[in-house]
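Undergrad:
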Amino acid sequence: MVNSDKFNLKDCLEDIKNGNIQLPDFQRDWKWDDETIRRLLGSVSLSYPIGSILLLETGSPDVKFKARLIEGVKVVKEVEPEKLILDGQQRLTALYQALMSNQPVSTTTGHRKKSIKVRYYLQIEDALKSDYRRDDAIVGITEDRQKKYLDALDPEKQYEYGLYPLTKIFDSFDWQQGYCKYWEKNPDKIKLYKEFYDKVIADSFGKFVIPYIELPKKTPKPAISQIFLRVNQSNEKLKTFDLLTAQFATDNFPLREDWKKRQEKLTNGGKPKHVFSKIDESAFLTAVTLLATDSQNNPKCRDIDILDLKLEDYKKWSNEIQDSLKEIEKFLHGEKIFTEYEVPYITQIMSMAVAFIKIGITKWKTAGTKNKIAKWFWCGVFSGNYGSGITFEKVLLAELKVSEWILGKENKMPGRAGNSSFYKSKLLKLKGKNSPHFKGLCALLMQDDCRDFLTDYPINSKKYFDEKIEMHHIFPQAWCKKKNLYPNEYNSVVNKTPLSAETNRKIGGKSPSEYLKVIMKEGKMGKNQMEEILRSHNIEPLHLWNDDFDGFFAHRKEALIQKIEKVTGKPVIDDLDDPMPF
Numbered sequence: 238m239v240n241s242d243k244f245n246l247k248d249c250l251e252d253i254k255n256g257n258i259q260l261p262d263f264q265r266d267w268k269w270d271d272e273t274i275r276r277l278l279g280s281v282s283l284s285y286p287i288g289s290i291l292l293l294e295t296g297s298p299d300v301k302f303k304a305r306l307i308e309g310v311k312v313v314k315e316v317e318p319e320k321l322i323l324d325g326q327q328r329l330t331a332l333y334q335a336l337m338s339n340q341p342v343s344t345t346t347g348h349r350k351k352s353i354k355v356r357y358y359l360q361i362e363d364a365l366k367s368d369y370r371r372d373d374a375i376v377g378i379t380e381d382r383q384k385k386y387l388d389a390l391d392p393e394k395q396y397e398y399g400l401y402p403l404t405k406i407f408d409s410f411d412w413q414q415g416y417c418k419y420w421e422k423n424p425d426k427i428k429l430y431k432e433f434y435d436k437v438i439a440d441s442f443g444k445f446v447i448p449y450i451e452l453p454k455k456t457p458k459p460a461i462s463q464i465f466l467r468v469n470q471s472n473e474k475l476k477t478f479d480l481l482t483a484q485f486a487t488d489n490f491p492l493r494e495d496w497k498k499r500q501e502k503l504t505n506g507g508k509p510k511h512v513f514s515k516i517d518e519s520a521f522l523t524a525v526t527l528l529a530t531d532s533q534n535n536p537k538c539r540d541i542d543i544l545d546l547k548l549e550d551y552k553k554w555s556n557e558i559q560d561s562l563k564e565i566e567k568f569l570h571g572e573k574i575f576t577e578y579e580v581p582y583i584t585q586i587m588s589m590a591v592a593f594i595k596i597g598i599t600k601w602k603t604a605g606t607k608n609k610i611a612k613w614f615w616c617g618v619f620s621g622n623y624g625s626g627i628t629f630e631k632v633l634l635a636e637l638k639v640s641e642w643i644l645g646k647e648n649k650m651p652g653r654a655g656n657s658s659f660y661k662s663k664l665l666k667l668k669g670k671n672s673p674h675f676k677g678l679c680a681l682l683m684q685d686d687c688r689d690f691l692t693d694y695p696i697n698s699k700k701y702f703d704e705k706i707e708m709h710h711i712f713p714q715a716w717c718k719k720k721n722l723y724p725n726e727y728n729s730v731v732n733k734t735p736l737s738a739e740t741n742r743k744i745g746g747k748s749p750s751e752y753l754k755v756i757m758k759e760g761k762m763g764k765n766q767m768e769e770i771l772r773s774h775n776i777e778p779l780h781l782w783n784d785d786f787d788g789f790f791a792h793r794k795e796a797l798i799q800k801i802e803k804v805t806g807k808p809v810i811d812d813l814d815d816p817m818p819f
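Numbering-wise (our numbering), the sequence shown opens with residue 238 and increments by one.
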């Protein structure tokens with residue numbers, strides 16, 4: 238029979254501190270922001286209800302979930318919990334960390350979710366104002382300390398500022414004695430504190446209760462899973478991954494832990510900026526589900542379909558995708574794509590993983606297959622058809638027949654890459670490194686073994702990382718501005734090329750004819766060698782020696798167009814004379 242009752246706040250937090258109340262391991266990580274924590278603390282300080290929590294009694298021989306402590310809790314030895322939190326994790330974690338952990342709360346702030354560590358205090362005087370929002374009386378002081386409360390960790394400064402540390406809510410005696418001694422010659426301050434203590438600390442926090450519902454230990458696993466999924470559909474809405482994690486937990490399978498291990502393997506031990514760093518659990522599960530359902534001749538991969546995924550199918554197809562991505566990593570490096578920042582579309586990478594599995598590794602490694610894969614890949618990169626507003630599952634479903642085209646069973650290239658086209662005017666619009674087309678052209682330039690201006694080293698994967706290679710201006714921006722050239726031209730990809738940070742510093746704001754002399758002197762090279770390096774970047778040397786931007790721009794634009802046509806096998810459409818290009 239389901240039990241319902243109320244916890245005293247202090248007793249509940251003590252049980253959390255001692256490990257008597259824990260989380261089932263399938264729960265996601267705690268992630269409340271500073272503003273939400275303040276609102277919660279403000280509600281408790283006014284005795285406003287904060288909703289009930291749902292618990293599960295432990296001890297069943299048939300239902301045994303792996304448990305973990307709430308974030309911030311530390312125990313001397315491992316404790317077997319008496320209860321697990323099914324709903325209420327975010328609220329209870331926030332309350333525990335702010336009121337009882339004696340450590341700063343690890344949270345985030347702002348729309349960018351900047352990580353901060355905060356200690357919370359109540360401004361005694363403001364908390365007693367009837368017309369004052371209680372949230373605003375709660376002061377959060379970060380570890381770098383605001384100037385106004387620079388020494389707030391010092392109790393005497395807390396007394397002086399009238400800042401009551403919320404970690405003293407349930408252990409106030411020493412702080413109270415210190416405060417009264419500090420203000421012993423100012424009875425008004427002591428009177429103010431006593432009023433604050435009675436109204437806010439004793440009456441609100443001290444008497445605060447949290448209603449709870451407790452499922453008995455005999456509750457069957459399927460029922461626990463369904464109840465968990467239903468009660469977690471509001472507030473911090475669970476993602477599909479969280480819901481599937483809960484479902485698999487009833488089979489004692491830790492999906493969250495499994496995904497972390499797979500992600501680490503995919504990125505070579507969590508290597509920063511790895512080409513697969515942006516493949517998240519959602520993308521991975523979508524591809525897994527598509528393969529599982531396609532094997533049953535009913536391909537689909539919406540969120541609702543992911544929740545129908547069987548554990549055995551997850552294990553089988555996850556391993557397949559993981560293996561395929563290792564081969565795709567080699568392909569990307571061969572195409573001169575070395576980091577997450579150069580990957581044009583993650584959706585296309587996952588489509589390629591699906592195609593790889595359907596083709597098989599033996600056929601994948603043949604020259605003919607690789608040529609077709611590369612053509613499909615580059616058509617997709619320059620298509621612009623994988624952008625925002627297109628759901629992941631639609632892309633994967635549309636690309637499902639890529640493998641058949643590669644194997645010669647389909648005549649026309651399918652999917653978004655098959656419908657691709659590229660326009661000359663697009664080159665003038667490619668300025669930022671976030672553009673997939675920009676990333677693609679950067680890789681194509683490196684495919685020709687373009688060499689760094691200063692060192693004459695080919696830009697391979699090792700040099701890419703060691704020398705901090707990025708796309709830099711050929712005709713420097715400062716020089717172009719002085720000459721009143723068109724920003725759309727000198728800031729476009731036509732006037733950029735992969736160079737090391739050191740080379741870019743040598744270039745500075747000098748004219749090309751000037752910086753070439755500097756580089757030749759620094760690099761101890763002759764004119765012929767310098768010109769060979771420039772040609773490796775599809776630059777006609779004479780244009781740089783003569784500081785001829787117009788001649789350079791026209792020549793290099795055509796060279797880049799030819800590169801695109803070569804890798805896609807399609808003509809680039811000339812729309813530069815069209816007043817309304819599509």
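Don't be surprised by glycine CBs; every beta carbon is placed ideally from N, CA and C. As the structure is a prediction and not an experimental result, all values here were calculated from the model.
According to DSSP, is I627 part of a helix, a strand, or is it coil?
TA: In the sequence shown, the residue the question calls residue 627 occupies position 390. In the structure shown, I627 sits in coil (DSSP, three-state: anything other than H, G, I, E or B).
Undergrad: Below 8 angstroms CB to CB, which residues in the same chain sit around W496 once its five sequence neighbours on both sides are set aside?
TA: Here residue 496 corresponds to residue number 259 of the sequence shown, with the count starting at 1. Counting only Cβ-Cβ distances below 8 angstroms, and skipping sequence neighbours, we find F478, E518, F521.
Undergrad: Using a 10 Å radius around the Cβ and a threshold of 16 neighbouring Cβ atoms, would you call L779 buried or exposed?
TA: Residue numbering aside, residue 779 sits at position 542 when the sequence shown is read from its first letter. L779 should be labelled exposed.
Undergrad: Would you call the CB atoms of K668 and K676 closer than 8 angstroms?
TA: Position 431 of the sequence shown, counted from the start, is the residue given in the question as residue 668. Position 439 of the sequence shown, counted from the start, is the residue given in the question as residue 676. No, the Cβ-Cβ distance between K668 and K676 is not below 8 angstroms.
Undergrad: Going by the CB atoms, is the gap between K705 and A894 shorter than 8 angstroms?
TA: With the chain covering only 238 through 819, there is no way to say anything about residue 894.
Undergrad: Hey, out of S462, L528, Q559, L452, whose CA is closest to T504's CA?
TA: Residue mapping note: residue 504 aligns to position 267 of the sequence shown, counting from 1. It is Q559 whose Cα lies nearest to the Cα of T504.
Undergrad: Distance check for E647 and E641, CA to CA, integer angstroms please.
TA: Looking up residue 641 in the sequence shown gives position 404. Looking up residue 647 in the sequence shown gives position 410. Between E641 and E647, the C-alpha separation is close to 6 angstroms.
Undergrad: Is it the case that the Cβ atoms of L336 and L250 are separated by a distance below 8 angstroms?
TA: Residue mapping note: residue 336 aligns to position 99 of the sequence shown, counting from 1. Residue mapping note: residue 250 aligns to position 13 of the sequence shown, counting from 1. It is a contact, given that the beta carbons lie within the stated cut-off.
Undergrad: Any chance you could list the alpha helix (DSSP H) runs of at least 4 consecutive residues sitting entirely within the stretch 524-601, in chain order?
TA: DSSP runs (the alpha helix (DSSP H)) wholly in the stretch 524-601: 540-543, 548-571, 583-596, 598-601.
Undergrad: Which parts of the stretch 309-393 are runs of the alpha helix (DSSP H), unbroken and 4 residues or longer, counting only runs that do not cross its ends?
TA: Those alpha helix (DSSP H) runs which fall completely within the stretch 309-393 and span 4+ residues are 326-336, 361-364, 371-374.
Undergrad: Under the rule that 16 or more other beta-carbon atoms within 10 Å means buried, what is G296, buried or exposed?
TA: Against the sequence shown, residue 296 aligns to sequence position 59. Exposed is the call here.
Undergrad: Restricting to Cα atoms, I'd like to know which of K303, Q334, D248 is closest to W196.
TA: An answer regarding residue 196 cannot be provided, because it is not within the stretch 238 to 819 covered by the chain.
Undergrad: Excluding the 5 residues flanking K807 on each side, which residues of the same chain have their C-beta closer than 8 angstroms to its C-beta?
TA: Within the sequence shown, numbered from 1, the residue matching residue 807 stands at position 570. So the list reads C616, S657, S658, F659, once near-sequence residues are dropped.
Undergrad: Quick check: the stretch 417-435 against the stretch 353-366, are at least 3 beta-carbon pairs closer than 8 angstroms?
TA: At 8 angstroms Cβ cutoff, the stretches touch.
Undergrad: Taking only runs of the beta strand (DSSP E) that begin and end inside the stretch 246-304, which ones reach a length of at least 3 residues, in chain order?
TA: Here the runs fully enclosed are 258-261, 290-294.
Undergrad: Tell me the residue span of the beta strand (DSSP E) that contains L637.
TA: Position 400 of the sequence shown, counted from the first residue, corresponds to residue 637. No beta strand (DSSP E) contains L637, which DSSP labels as neither H nor E.
Undergrad: Output needed for S338: all residues of its chain with C-beta closer than 7 angstroms, excluding positions within five of it in sequence on either side, in chain order.
TA: The sequence position of residue 338 within the sequence shown is 101, counting from 1. Closer than 7 angstroms at Cβ, skipping near neighbours: G309.
Undergrad: Taking Cβ to Cβ, would you say K690 is nearer than 8 angstroms to F789?
TA: Taking the first residue of the sequence shown as position 1, residue 690 is located at position 453. Taking the first residue of the sequence shown as position 1, residue 789 is located at position 552. Lys is not the amino acid found at residue 690; the sequence shown has Phe there. No, Cβ-Cβ distance for F690 and F789 is not below 8 angstroms.
Undergrad: In the structure shown, what three-state DSSP assignment does L452 receive?
TA: Stepping through the sequence shown from its first residue, residue 452 is reached at position 215. If DSSP states are grouped into helix, strand and coil, L452 belongs with the strands.
Undergrad: Helix, strand or coil for E518? Go by DSSP, reduced to three states.
TA: Residue 518 sits at position 281 when you count from the first residue of the sequence shown. Of the three classes helix, strand and coil, the one that applies to E518 here is helix, per DSSP.
Undergrad: Does Y694 come out as helix, strand or coil in the three-state DSSP assignment?
TA: Within the sequence shown, the letter at position 457 stands for residue 694. The answer is coil: DSSP assigns Y694 none of H, G, I, E or B.
Undergrad: Label K384 either buried or exposed according to how many other C-beta atoms from any shown protein chain fall within 10 Å of its C-beta, with 16 as the threshold for buried.
TA: The residue given as residue 384 occupies position 147 in the sequence shown. A caution first: K384 carries a pLDDT of 49, below 50, which makes its placement in the model too unreliable to give a value.
Undergrad: Starting from T734, follow the alpha helix (DSSP H) in both directions and report where the run begins and ends.
TA: Along the sequence shown, one-based indexing puts residue 734 at 497. Run containing T734: none in the alpha helix (DSSP H); it sits in the beta strand (DSSP E), 733-736.
Undergrad: Any chance the stretch 341-354 sits against the stretch 282-293, with 3 or more Cβ pairs inside 8 angstroms?
TA: Touching, no.
Undergrad: Name the DSSP bridge partner or partners of N721?
TA: Walking along the sequence shown from the start, residue 721 turns up at place 484. None, per the DSSP bridge assignment.
Undergrad: On the CB-based measure, 16 or more other CB atoms within 10 Å of its CB, does I541 come out buried or exposed?
TA: Sequence index remark: in the sequence shown, residue 541 carries index 304 (1-based). Result: exposed.
Undergrad: Here's the rule I'm using: 16 or more other beta-carbon atoms within 10 Å means buried, otherwise exposed. How should Y623 be labelled?
TA: The count along the sequence shown starts at 1 and reaches residue 623 at position 386. By the neighbour-count rule (16 or more Cβ atoms within 10 Å), Y623 is buried.
Undergrad: Is the CB-CB distance between L278 and Y398 below 8 angstroms?
TA: As a first step, residue 278 is located in the sequence shown; it is residue number 41 there, counting from the start. As a first step, residue 398 is located in the sequence shown; it is residue number 161 there, counting from the start. No, these two residues do not count as a Cβ contact at 8 angstroms.
Undergrad: Answer with buried or exposed for G655, where buried requires no fewer than 16 other C-beta atoms within 10 angstroms of its C-beta.
TA: In the sequence shown, residue 655 corresponds to position 418, counting from 1. Buried is the call here.
Undergrad: Three or more C-beta pairs under 8 angstroms: does that hold for the stretch 627-635 against the stretch 601-613?
TA: Because the criterion of three Cβ pairs below 8 angstroms is not met, the stretch 627-635 and the stretch 601-613 do not touch.
Undergrad: Just to confirm, is the Cβ distance from S514 to Q484 under 8 angstroms?
TA: As a position in the sequence shown, residue 514 is number 277, starting the count at 1. As a position in the sequence shown, residue 484 is number 247, starting the count at 1. Not in contact: S514 and Q484 (Cβ atoms no closer than 8 angstroms).
Undergrad: Under 8 angstroms Cβ to Cβ from F819, same chain only, skipping five residues before and after it: list those, please.
TA: As a first step, residue 819 is located in the sequence shown; it is residue number 582 there, counting from the start. Because the pLDDT at F819 is just 32, under 50, the model does not fix this residue reliably, and the value given afterwards should be weighed accordingly. Within the same chain, F819 has close Cβ partners Y660, D812.
Undergrad: Out of curiosity, what's the CA-to-CA distance linking P448 and I375?
TA: In the sequence shown, the residue the question calls residue 448 occupies position 211. In the sequence shown, the residue the question calls residue 375 occupies position 138. Approximately 24 angstroms between the Cα atoms of the pair.
Undergrad: Are the CB atoms of S282 and F442 within a distance shorter than 8 angstroms?
TA: For the purposes of this step, residue 442 is identified with residue 205 of the sequence shown, where counting begins at 1. For the purposes of this step, residue 282 is identified with residue 45 of the sequence shown, where counting begins at 1. A contact, by the Cβ cut-off of 8 angstroms.
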